[in-house]
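Protein sequences appear in the order of chains A and B.
Count the first sequence with the working numbering and you get residues 178 to 559, in order.
Count the second sequence with the working numbering and you get residues 178 to 559, in order.
Reviewing the structure listed below.
Number of protein chains: 2
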Amino acid sequence: MKVAVLGAYQTKFGELWDKSLADLIFEAGNEAIKDSGVDKKDIQSGFLGNKLGPQTTGQNHLGALMAEVLDIKVPVVRVEAACASGGVAMAQAVQSIKSGQYELVLVVGAEKMTDVGGEQIAEALMGAASESERQAGLTFPGLYALIACEYFAKFGASQKDLARVAIKNHYHASLNPKAQFPFCITEKQAQTSSDVAWPLRLLDCSGVTDGAAAVVLASERVAGKFKKNKVFISASCQASDTLSLDKRPDITTLCSTKTAAKFAFSQAGIERKDVDFVEAHDCFTIAEIIALEDLGFYKKGQGYLAYKNNELRLGGKLAVNLSGGLKACGHPVGATGVKQIVEVYNQLSGRAGVRQSKGAKVALTHNVGGTGGTVVVHILNK
Amino acid sequence: MKVAVLGAYQTKFGELWDKSLADLIFEAGNEAIKDSGVDKKDIQSGFLGNKLGPQTTGQNHLGALMAEVLDIKVPVVRVEAACASGGVAMAQAVQSIKSGQYELVLVVGAEKMTDVGGEQIAEALMGAASESERQAGLTFPGLYALIACEYFAKFGASQKDLARVAIKNHYHASLNPKAQFPFCITEKQAQTSSDVAWPLRLLDCSGVTDGAAAVVLASERVAGKFKKNKVFISASCQASDTLSLDKRPDITTLCSTKTAAKFAFSQAGIERKDVDFVEAHDCFTIAEIIALEDLGFYKKGQGYLAYKNNELRLGGKLAVNLSGGLKACGHPVGATGVKQIVEVYNQLSGRAGVRQSKGAKVALTHNVGGTGGTVVVHILNK
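Laid out in structure tokens, this is it:
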């Protein structure tokens with residue numbers, strides 16, 4: 178059974194001092210329903226991706242909160258898979274339609290990160306890593322810095338190559354009014370920004386972001402009743418790996434990305450060359466390079482070379498992170514996996530404005546939890 | 178498509194100072210797989226119900242943790258719906274099989290509550306209620322005390338009636354070696370235990386519990402390959418209500434229980450009189466009385482009268498909480514919804530030992546999040 182995206186919405190991403198978590202869920206949920214043309218009372222179920230709600234707002238039981246604030250008296254399921262919470266919420270929603278239980282489902286990803294201090298948010302984010310990594314004093318920039326060091330040593334890449342990822346994604350974000358950092362950066366700025374965890378500099382890291390995104394999904398039967406632009410989900414796959422980096426034979430590859438991608442391409446029945454653009458999980462610049470390799474678009478150790486020409490930019494052979502990515506559009510952690518689907522819907526519906534990818538028909542989204550303990554890959558087509 | 182329970186396991190419930198959350202997941206998951214007779218490498222997916230992990234252990238991303246500790250390299254989804262986390266995990270697992278995505282799935286519910294102090298756990302538990310209820314200084318005993326007061330005023334019940342619930346459930350727990358409080362209590366003990374929130378006394382409240390439970394679910398096709406005792410899930414339904422009590426027209430009824438039950442009986446195609454026993458959500462004694470009414474077994478306002486004879490005891494017309502319930506078996510909040518299924522599996526497989534319900538064929542489980550913001554009802558049969 179095919180599942181269609183009927184409507185989509187993303188709030189502004191940024192430091193939204195005047196919005197609570199409930200406000201973000203309210204805005205994204207209601208606007209996505211409005212966009213879909215569906216009558217709210219016809220929504221049969223909801224899914225919410227959120228990672229940090231209990232730690233940053235004291236609120237658990239966010240499924241019931243979502244049902245209350247949106248005034249939908251239907252089952253709502255909150256899932257939590259660190260920064261892959263949004264992707265997992267999407268995958269569960271797709272499954273609920275395929276099971277025949279529901280035909281019209283709302284998916285929201287939402288995160289409110291700026292209401293607590295920097296140390297508290299850093300500690301809460303480390304909940305996505307393993308206990309041993311926390312006890313070792315590691316942070317997420319630290320974990321991805323270890324990955325970058327190993328990648329540099331093995332394949333000869335350098336900080337210059339990381340900077341190219343940031344420059345591209347900031348360029349895309351400069352075309353996206355919803356982005357947290359909608360401005361271009363220069364090579365000099367990238368390479369002189371302050372060190373966070375060598376070799377990662379400030380401009381290699383995604384920020385701390387408030388925001389939400391939502392989509393309305395429908396069975397093919399129900400979707401057929403609407404005249405709207407439709408985008409179909411041809412694959413929805415999740416995979417796991419160890420929580421800890423130190424339990425893996427090679428930290429320059431995310432096995433969970435490879436597994437999820439393998440199943441996804443098989444489920445969709447397409448090949449890598451059929452994909453027009455990708456929303457990849459670039460929480461740090463190194464993560465995007467490795468993602469493009471593990472997804473199978475480039476050979477291991479050669480991903481970073483693709484940034485030297487313009488093939489990954491808007492208009493290039495394989496546009497990557499047209500939204501600006503986590504890096505420059507922002508990374509409200511539980512919302513990211515849903516926001517990626519919103520971007521794909523906007524692109525494939527031809528309403529992405531100045532960053533429209535012309536003639537694109539097939540897209541892939543890639544959402545990572547932690548350092549790859551969870552990965553979710555979706556493939557969508559017009 | 179029918180879904181079968183192929184195996185089940187519950188850890189000892191109690192103050193398990195020597196077990197971490199990971200230890201509990203490890204024990205329950207591995208023992209349930211062993212009990213099912215399934216080869217671990219054939220498990221295709223996992224679901225984890227857990228409420229408080231991030232607050233009590235600092236660990237998010239518990240799906241990946243479960244995959245790591247059980248050494249199953251498959252997608253694992255953590256769901257959180259307050260004290261209904263286990264029930265929601267079950268419902269999502271059932272859906273994943275019905276969708277055709279998986280045929281063999283492991284469901285674990287686990288909670289580690291005793292590693293933090295009493296104030297911290299009370300605050301974390303209040304994350305299941307609304308912000309306004311937290312700001313009013315309410316606790317969960319306080320919320321259920323409000324419900325009990327209103328019930329007393331409307332229907333003439335008294336603290337004596339509440340005591341009967343506790344006495345029955347402690348009697349059942351005295352027959353359950355896995356129970357946290359495996360002993361009988363007298364009417365005098367119940368009625369002279371210290372006040373917690375009037376009219377609720379200490380012995381009206383479930384405790385703070387560590388524990389885990391797990392089941393292996395299979396599609397009918399795969400289940401057919403095993404000679405084991407099988408129990409089928411004939412209904413799996415979730416419903417929502419407002420988070421706050423003050424947004425409801427009547428607090429002596431949980432609309433979400435009524436809705437979930439209505440759908441469940443319709444899905445299973447059976448009537449109330451066909452149910453032999455029930456595992457109901459008795460976080461407080463008043464909750465069990467109201468549950469039996471909202472599930473449709475007794476008329477509103479008359480549930481408490483059923484405790485005056487022995488019809489709700491082992492051997493009675495409708496045995497309720499043969500495990501001892503949340504009240505006396507214990508309430509590791511994210512595990513409870515899965516433990517209810519374990520008890521039903523043990524009973525319907527004829528291996529419940531001295532608390533065996535003879536000749537039982539159909540059972541119902543009822544799992545509540547908060548004060549009914551989320552409710553999950555399952556119906557199972559031999």
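We put the CB at the ideal spot given by N, CA and C, even for glycine.
Coil, strand or helix - residue i by DSSP
i	result
Thr542(A)	strand
Ala457(B)	coil
Gln187(A)	strand
Ser534(A)	coil
Gly384(B)	coil
Val515(B)	helix
Val521(B)	helix
Ala389(B)	strand
Ala496(B)	strand
Thr201(A)	Looking at the sequence itself, residue 201(A) is Leu, so the reference to Thr does not match. DSSP places Leu201(A) in helix when its eight states are reduced to three.
Asp216(B)	coil
Lys211(A)	helix
Leu320(A)	helix
Gln444(A)	helix
Ile428(B)	coil
Gln129(A)	The displayed coordinates of chain A run from 178 to 559. Any statement about residue 129(A) would go beyond what the structure contains.
Pro509(A)	coil
Arg528(A)	coil
Glu470(B)	helix
Gly502(A)	helix
Lys229(B)	The question names Lys, but residue 229(B) is Leu in the sequence shown. In this structure, Leu229(B) counts as coil in the three-state DSSP scheme.
Contacts that residue i makes with chain A (C-beta to C-beta distance below 7 Å)
i	result
His458(B)	Residues of chain A passing the Cβ test: none, with the nearest at roughly 14 Å.
Pro231(B)	Pro231, Gln232, Gly304
Leu242(B)	Leu420
Opposing strand residues paired with residue i [DSSP bridges]
i	result
Asp372(B)	Arg378(B)
Leu482(B)	Paired residue(s): none; Leu482(B) is not in a bridge.
Leu489(A)	Leu489(A) pairs with nothing; no bridge assigned.
Gln415(B)	Val553(B)
Phe409(B)	Ala181(B), Asn558(B)
Ser396(B)	Val180(B)
Phe224(B)	Val254(B), Val284(B)
Partner residues on chain A for residue i, Cβ-Cβ distance less than 8 Å
i	result
Thr513(B)	The premise fails here: Thr513(B) is roughly 14 Å from chain A at the closest Cβ pair, so nothing lies under 8 Å.
Closer than 8 Å at the beta carbon, the chain B residues around residue i
i	result
Gln236(A)	Gly304, Glu308
Within-8 Å CB hit, residue i to chain C
i	result
Arg311(B)	No chain C appears in this structure, whose protein chains are A and B.
Where in the stretch 239–314 of chain B do unbroken runs of the alpha helix (DSSP H), each at least 4 residues long, occur, reported from the N-terminal end onward? 239–247, 262–275, 295–302, 308–312
Pick out the complete alpha helix (DSSP H) segments inside the stretch 327–362 of chain B, 4 residues or longer, and give them in chain order. 336–350
Give the residues from the stretch 262–285 of chain B that approach chain A closer than 7 Å (Cβ to any Cβ), ordered along the chain. Val265, Gln269, Gln272, Ser273, Lys275, Ser276, Gly277, Gln278
Please identify, using Cβ separations under 8 Å, the residues of the stretch 516–550 of chain A that lie next to chain B, in order along the chain. Gly546, Gly547, Gly550
If you measure beta-carbon to beta-carbon, which residues of the stretch 406–433 of chain B are closer than 9 Å to chain A? Ser413, Cys414, Gln415, Ala416, Ser417, Asp418, Thr419, Leu420, Ser421, Lys424, Cys432, Ser433
Residues of the stretch 244–260 of chain B in Cβ contact with chain A at a cutoff of 7 Å, in chain order, please. Ala244, Glu245, Lys250, Val251, Pro252, Val253, Val254, Arg255, Val256, Glu257, Ala258, Ala259
For the stretch 185–199 of chain B, enumerate the residues whose C-beta is nearer than 7 Å to any C-beta of chain A, in chain order. none
Taking beta-carbon pairs under 7 Å, can you tell me which members of the stretch 211–232 of chain B lie near chain A? Lys228, Pro231, Gln232
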